[in-house]
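**Q**
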Amino acid sequence: MVKHLALFLALTLPFSSFAQNLVPNPGFETMNNCPNNIGTVDFSPTYSSFPTVDAWISPMQSGSPDYFNSCATIPSGVHVPESTFGYQYARTGNAYMGIIAWQGTVDNGSWKNVFHEYIQTKLLTPMVPGERYCVAFYVSPSVSPAFTNFNYVSLDEVGINFSATQTTATTGYNLALPYSVVNTPGNYILDTGGWVRINAIYTATGGEQWMTVGVFDHGSAPNFTQAYPIPANSGYDTYRSYMYFDDFSVVKIGPSDTEKIVHQIGVCDTGNISLDVNSSGVDGTYKWLSGETTKKLNITKTGVYWCKSDADCHFYIDTFKVYYDPNVTLTLGRDTGDCNNQPIIIKANNAGFNNFLWNTGETTEEILVTQSGKYFLAAENQCGQQSDSINVYIQGDTPPPVLRDTSICQFSDQVMIPADAENITWYSSKESIIGNPYQPYLYTKKPGDNVIYATQKIGYCESDKAEMHVTVKYTPQEELQDRITMCEKYRIDIGNDVPDVIYKWSTGESVCCILPYREGVYRRATTNECGTYIDSVNVTMSECDQCIMVPNAFSPNRDGKNDKFKAIVTCPIDRFEMNVYNRWGNKVFSTTSIDEGWDGSYKGIPAEGGTYIYVLEYRSSSTFRTNTIKGNITLFR
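The numbers in the working numbering rise by one with no breaks, and the one at position 618 of the sequence shown is 618.
And the structure:
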């Protein structure tokens with residue numbers, strides 16, 4: 001009875017198309033260097049130090065916000081989507097930021113060791129007094145697999161403070177600022193798999209140009225609900241909320257930020273109308289000309305209907321023009337079928353028709369189809385007689401395509417994968433529901449196993465997915481350093497091991513790695529079915545005082561393997577001292593014995609997993625020079 005012509009006669013663009021976003025680098029896509037560790041956002045009171053993400057800093061010296069980007073390696077802990085703090089894709093682009101929004105320890109019913117982190121940026125231009133700004137950002141809570149000795153909680157509080165002057169703190173662990181924009185109380189941020197939008201309209205007092213983001217301290221713990229584990233672990237007295245942030249926007253709302261939409265709706269029978277129409281605004285406030293305040297309005301007669309809505313800092317004016325249209329169309333819908341040789345029912349998708357006549361001779365509104373073919377229906381309503389047709393397919397299962405596992409050489413150009421199939425569709429994963437008729441791109445820059453899936457379609461029915469493994473085999477290439485200088489008394493192996501290749505050194509040896517016996521050029525031929533590469537390294541000997549080697553990770557899980565972090569001596573030394581510090585600069589271990597290592601505890605309690613800093617000083621017995629080594633060590637739990 002109702003036909004939507006959907007003629008949008010007048011349509012203005014959303015305000016975001018023509019208004020400037022005052023937030024620099026709003027999605028954190030612009031960077032100066034790819035991050036290689038957690039805590040790479042600087043405290044910079046002069047707003048000048050941006051080692052990784054551009055234009056964003058920590059306003060608090062004790063804080064160390066984290067910058068995540070897909071360019072980072074997985075071992076760095078800040079790769080997107082998998083990182084030290086969880087698994088999350090960027091809402092848009094390749095990057096986002098993260099902070100410890102709130103952390104506190106329960107002690108006899110009160111909170112101690114309360115800690116917050118914040119991020120801060122400077123707006124492109126100061127705010128104008130009295131002007132309204134649409135402020136929005138996205139947040140996602142995280143539960144970290146690397147730091148499991150916490151009760152993770154979800155908060156209903158996170159927001160923004162706008163200020164004319166920069167807020168910084170060289171001491172303390174929190175900021176007590178008022179919220180300019182804040183999440184709705186009681187609306188807990190729970191979705192660890194998605195992004196939650198927080199937005200509001202802010203009226204400027206004038207001159208605001210600094211934006212500080214986080215959970216501000218107002219003398220008591222924020223409202224929270226337990227997120228992980230459930231129920232809370234009574235053995236953990238520290239509670240933590242970690243949040244990711246992406247896509248900030250601060251946009252001035254102008255008089256043109258109104259969208260006017262006209263909907264032309266034709267009906268055939270003016271005496272029997274029941275039509276629901278909806279405002280274009282989503283999750284807003286509504287005011288219809290007739291006084292209703294709901295998003296939807298039921299219309300029972302022709303005429304003009306008007307609704308004004310305020311949604312997401314945007315205004316909509318919808319005009320619905322409902323008029324008589326005698327040309328409502330009969331339709332049987334899209335072609336259909338059954339893939340299990342079972343009959344199906346077909347019928348018209350429109351109400352109000354009668355005097356049905358199918359090409360099978362049946363005169364009912366619907367018919368049972370048992371054979372494949374093309375079916376026609378003629379029917380009448382107040383607007384006259386109409387007809388439509390539909391193709392129906394009744395067939396059995398379609399077998400999956402025949403795919404054969406194959407292998408290609410590293411760095412190969414894209415190759416066509418052989419497949420015995422008709423109308424093949426490729427999928428990137430077993431769970432994918434959207435396929436592509438074109439073969440997926442195969443990444444050949446690194447050796448490894450690619451798994452792809454494909455179906456075939458015969459007639460109406462698509463098969464189940466078939467699995468195929470494409471192995472990228474190592475292609476011999478440059479692996480050796482151009483030059484190595486080593487201690488003559490403490491020579492080390494040269495070379496590296498790659499599976500499934502044959503080695504041949506200029507010394508006659510056929511192993512991956514050899515111990516050089518003199519200075520000179522050593523050549524190694526590496527061969528497999530993907531080719532041969534002849535590599536070389538120039539070895540020089542010297543008297544050395546670099547007598548210490550340090551690992552970059554350890555796991556004190558008492559399995560007898562790599563349980564302690566300790567230095568390895570490669571030549572005689574007569575003085576030694578090593579200190580280990582946590583991310584806040586606190587010393588957690590110290591020793592003057594080369595035989596003593598750190599067991600991963602602090603004051604008898606296991607330290608949390610993460611990155612620590614070591615400073616090591618020693619004196620060589622041969623040169624009597626004092627050397628200092630600094631670096632990072634990762635503790636895995």
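Using N, Cα and C, we set each Cβ at its ideal position, and we do this for glycine too.
1) Under 6 Å Cβ to Cβ from cysteine 530, same chain only, skipping five residues before and after it: list those, please.
2) Anyone know if the C-beta pair for isoleucine 198 and asparagine 183 falls short of 8 Å?
3) Could you check the C-alpha separation between proline 463 and valine 135 for me, to the nearest Å?
4) Whole angstroms are fine: how far does the CA of valine 402 sit from the CA of isoleucine 613?
5) Would you call the stretch 57 to 66 in contact with the stretch 155 to 172, where contact means no fewer than 3 C-beta pairs closer than 8 Å?
6) For serine 429, I'd like the list of residues in its chain whose CB is within less than 6 Å of its CB, leaving aside the five on either flank, ordered along the chain.
7) With 16 other CB atoms within 10 Å as the buried threshold, where does tyrosine 202 fall?
8) Is it true that the CB of phenylalanine 245 sits closer than 8 Å to the CB of valine 143?
9) In this structure, how does DSSP classify proline 75 when only helix, strand and coil are distinguished?
10) I need the boundaries of the beta strand (DSSP E) containing glutamate 577, first residue and last residue.
11) What ranges does the beta strand (DSSP E) occupy inside the stretch 348 to 430, keeping only unbroken runs of at least 3 residues that lie completely in it?
12) Measuring alpha carbon to alpha carbon, tell me which of Leu357, Arg524, Ile160 and Pro65 ends up nearest tyrosine 503.
13) What's the C-alpha gap between threonine 626 and arginine 619?
14) My output table needs one value for histidine 218: the three-state DSSP class, helix, strand or coil.
15) By Cβ distance, which residues of its chain are closer than 7 Å to aspartate 247, with the 5 residues on each side in sequence left out?
16) Among Ser279, Thr294, Val304 and Pro178, which residue has its Cα nearest to the Cα of tyrosine 316?
17) Please name the residue in Gly207, Phe68 and Tyr118 whose C-alpha comes closest to that of glutamate 29.
18) Rounded to whole angstroms, how far is the Cβ of tyrosine 152 from the Cβ of arginine 240, which I believe are closer than 8 Å?
19) Using CA atoms only, rank isn't needed, just tell me which of Lys122, Gln264 and Val470 is closest to tyrosine 324.
20) So, is glycine 98 buried or exposed, given that buried needs 16 or more other C-beta atoms within 10 angstroms?
21) Taking 8 Å as the threshold (C-beta atoms), are lysine 564 and proline 572 in contact?
22) Quick one: measure Cβ to Cβ for tryptophan 426 and isoleucine 390, integer angstroms, because I've assumed they're closer than 8 Å.
23) Classify isoleucine 345 as buried or exposed, calling it buried when 16 or more other Cβ atoms lie within 10 Å of its own Cβ.
24) Assuming aspartate 482 and leucine 515 make a contact with CB atoms under 8 Å, what is their CB distance in whole Å?
25) Pick helix, strand or coil for glycine 531, following the three-state DSSP scheme.
26) Let me make sure I understand the geometry here. Which of Thr225, Ser220 and Ser180 has the alpha-carbon closest to that of serine 154?
27) Taking Cβ positions, are alanine 378 and glutamine 371 nearer each other than 8 Å?
28) Within its chain, find whatever has a CB closer than 8 Å to the CB of lysine 630; leave out the 5 residues flanking it on each side and keep chain order.
29) Looking at the strands, I want to know which residues DSSP matches up with phenylalanine 643.
30) Measure how close the beta-carbons of isoleucine 548 and valine 569 come, nearest whole angstrom, since I'm counting them as under 8 Å.
31) For serine 590, does the count of other Cβ atoms within 10 angstroms reach 16, so buried, or fall short, so exposed?
32) Please report how far the alpha carbon of arginine 132 lies from the alpha carbon of glutamate 117, in whole angstroms.
33) Taking the C-alpha atoms as reference points, what is the distance between asparagine 36 and threonine 52?
34) Can you grab the Cα-Cα spacing for the pair leucine 275 / valine 328, in whole Å?
35) Can you list, in chain order, the residues of its chain with a C-beta nearer than 8 Å to that of leucine 332? Leave out the 5 residues immediately preceding and following it.
36) Compute the Euclidean distance between the alpha carbons of glutamate 509 and aspartate 497, then round it to the nearest angstrom.
**A** From the atom records:
1) Cys409, Lys473 and Thr475
2) yes
3) A quick correction: the sequence has serine, not proline, at residue 463. One C-alpha to the other measures close to 48 Å.
4) 54 Å
5) yes
6) none
7) buried
8) no
9) helix
10) 573 to 581
11) 354 to 358, 366 to 369, 373 to 381, 384 to 394, 406 to 409 and 424 to 427
12) Arg524
13) 4 Å
14) coil
15) Pro26, Gly27, Arg91, Thr92, Phe137 and Tyr138
16) Ser279
17) Phe68
18) 6 Å
19) Gln264
20) buried
21) no
22) With a Cβ gap of about 29 Å, tryptophan 426 and isoleucine 390 do not count as contacting.
23) exposed
24) Actually they do not touch by this definition, with Cβ atoms about 19 Å apart.
25) strand
26) Thr225
27) no
28) Ile613, Tyr614, Val615 and Leu616
29) Residue 643 lies beyond the residue range present for the chain, which begins at 1 and ends at 637; the question has no answer from this structure.
30) 6 Å
31) exposed
32) 28 Å
33) 9 Å
34) 14 Å
35) Ile346, Lys347, Ala348, Asn349, Tyr375, Leu377, Asp388, Ser389 and Ile390
36) 14 Å
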